[in-house]
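Here's the structure we're looking at; comments come further down.
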Amino acid sequence: MNFDWALLSRAPATSPSTDAFAVVLVEEASTCFTAPVAPLEAFRISRSELQQGAVPLKEGGCGSLTLGGVPSEYPLCTGWQNSSIDMSAFAGKLVQVWLYVDEGGIDPGVATSFAIDNLKFEETVLVGPVTGPAEPLPVNTVVNASANFTDTEVLPHTASIDWGDGTSSAADVTEPAGSSPGSASGSHSYTTAGIYSVTISVSDGSGSPGKSSFDFVVVFDLTGGVAGCGWIDSPAGAYPRDPTLTGRARFAFLSRYPRGSTVPNGVTFFRFRAGNLRFRSTSYAWLAIVGAKAQYKGVGLINGGGDFGLLVSAIDGQLPGGGGVDKLRIKIWQRRTLRVAYDNQAGAPDGAEPVAPLALGRIVIRNR
């Protein structure tokens, strides 16, 4: 919780034992002006922080209306300051803010005007990473998704899953117990090939639901095409803007020829987090499948803009001639200048066989 405040005073403290400092505390609301139980210290105001001279008050702010006077009545003032309090300890509770003086007692007059009454802190349910399929799946295959969640509330929880294809369903919920998190899970069958983002939402009924997504579920049609999802280990030199960068890169793609069409459709997503690079295709030009190898070309955007070319070469290691290991090459370049933006097989000809094995995931090629 963030808030502005100003402490006003008519005169400075003259005794070392009086008003040497004041402490603003936050506690769960109880009977007015009773001692707080295990309060949180929000901030401490020293007598030395009082400044000579009036400070104009904000309209409707800390001052003139609730304190019953005009700024000129308070020649000493801390000046406007901003503070924040971590309210997670008070999730779902009513809280009040108190002002203590150094002698340990509450000043009712100040506390009354400083109190925040009936403030309900609504903590969003924290939903962990969604677990989904790590490999492409054929259409009409059951897809399972699940996620753990934590919440300080004791209310029953409800959950739903948005499957990314225009449908959603209620999720099965296991409530948290002690230190064990709760869980939400469900299953779904996709009837159309595509790349789908799955989002699980969990609500405790008292605030905004917590959400987490799985990117991506790749669903392919067995009649022909190539699909893949997973990670590759991006080598040094793959990202020309900083050739020293290495790390995992996430991919998901689908490319196929619709029946009766000479232009492939589908979409390719690629993310190299270390280089802050996000690529999304907008269209494909062609797709070629020969045995265990598929290659396609298209165009797309990096971080939502630009005009970039895309070349993907993939090997399905499970097919005859595939060598037992799935491999992938991704090349992205600026079409106007031909400057390479990313290539995990830098310097190789466009027709070269991909050599980089997947770190995780699967590539599936189907030829009619």
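Per the numbering used here: the sequence shown = residues 1334 to 1701.
Glycine included, every Cβ here is placed at the ideal spot set by N, Cα and C.
Which class does residue i belong to by DSSP, given the choice of helix, strand or coil?
i	result
residue 1689	coil
residue 1570	coil
residue 1589	strand
residue 1646	strand
residue 1480	strand
residue 1548	strand
residue 1526	coil
residue 1401	Per-residue confidence for residue 1401 stands at a pLDDT of 37, beneath the threshold of 50, marking its modelled position as unreliable; the derived number appears in the next sentence. Residue 1401 falls in the coil class under three-state DSSP.
residue 1543	strand
residue 1534	strand
residue 1681	coil
residue 1658	coil
residue 1652	coil
residue 1633	strand
residue 1386	With a pLDDT of only 43 at residue 1386, under 50, the local geometry of the prediction cannot be trusted, and the value read off the model is given with reservation. Three-state DSSP puts residue 1386 in coil, outside helix and strand.
From the DSSP output, which residues share a beta bridge with residue i?
i	result
residue 1621	1628
residue 1672	In the DSSP output, where bridge partners are listed per residue, residue 1672 has none listed.
residue 1667	1641
residue 1603	1584 and 1612
residue 1578	Answer is none; residue 1578 lacks a bridge partner.
residue 1471	1553
residue 1460	1482
residue 1598	1589
residue 1465	Partner(s): none; residue 1465 has no beta bridge.
Please report the straight-line C-alpha distance between residue i and residue j, rounded to a whole angstrom.
i	j	result
residue 1655	residue 1699	13 Å
residue 1609	residue 1545	21 Å
residue 1665	residue 1493	37 Å
residue 1393	residue 1484	With a pLDDT of only 35 at residue 1393, under the threshold of 50, the placement of this residue in the model should not be trusted; the figure read from the coordinates follows. Going from the Cα of residue 1393 to the Cα of residue 1484 covers about 35 Å.
residue 1614	residue 1560	14 Å
residue 1683	residue 1563	22 Å
residue 1694	residue 1565	9 Å
residue 1669	residue 1579	27 Å
residue 1640	residue 1602	15 Å
residue 1675	residue 1630	15 Å
residue 1626	residue 1552	19 Å
residue 1633	residue 1612	7 Å
residue 1471	residue 1556	10 Å
residue 1502	residue 1591	29 Å
residue 1459	residue 1482	5 Å
residue 1718	residue 1537	This structure cannot speak to residue 1718, because the chain is shown only from 1334 to 1701.
residue 1642	residue 1474	33 Å
residue 1571	residue 1506	43 Å
residue 1554	residue 1488	43 Å
residue 1690	residue 1646	12 Å
residue 1667	residue 1574	13 Å
residue 1530	residue 1658	26 Å
residue 1535	residue 1541	9 Å
residue 1638	residue 1513	43 Å
residue 1619	residue 1593	14 Å
residue 1605	residue 1511	38 Å
residue 1663	residue 1490	43 Å
residue 1680	residue 1622	23 Å
residue 1521	residue 1584	22 Å
residue 1595	residue 1617	11 Å
residue 1686	residue 1549	26 Å
residue 1576	residue 1569	5 Å
residue 1672	residue 1649	29 Å
Would the C-beta of residue i count as close to the ligand COA, meaning under 6 Å from any of its heavy atoms?
i	result
residue 1658	Of ligands this structure carries none, so the ligand COA is not represented either.
So residue i and residue j are in contact, right, with Cβ under 8 Å, and what is the actual spacing, rounded?
i	j	result
residue 1498	residue 1527	7 Å
residue 1661	residue 1624	Rounded, the Cβ-Cβ distance is 16 Å, inconsistent with contact.
residue 1476	residue 1523	7 Å
residue 1539	residue 1516	20 Å between Cβ atoms; not a contact.
residue 1463	residue 1547	4 Å
residue 1469	residue 1697	5 Å
residue 1589	residue 1558	3 Å
residue 1567	residue 1636	Their Cβ separation, rounded to whole angstroms, is 17 Å, which puts residue 1567 and residue 1636 out of contact at 8 Å.
Starting from the N-terminal side, write out each stretch of the beta strand (DSSP E) that is 3 residues or longer and does not extend beyond the stretch 1489–1524. Whole beta strand (DSSP E) segments, 3+ residues: 1491–1495, 1501–1503, 1505–1507 and 1515–1522.
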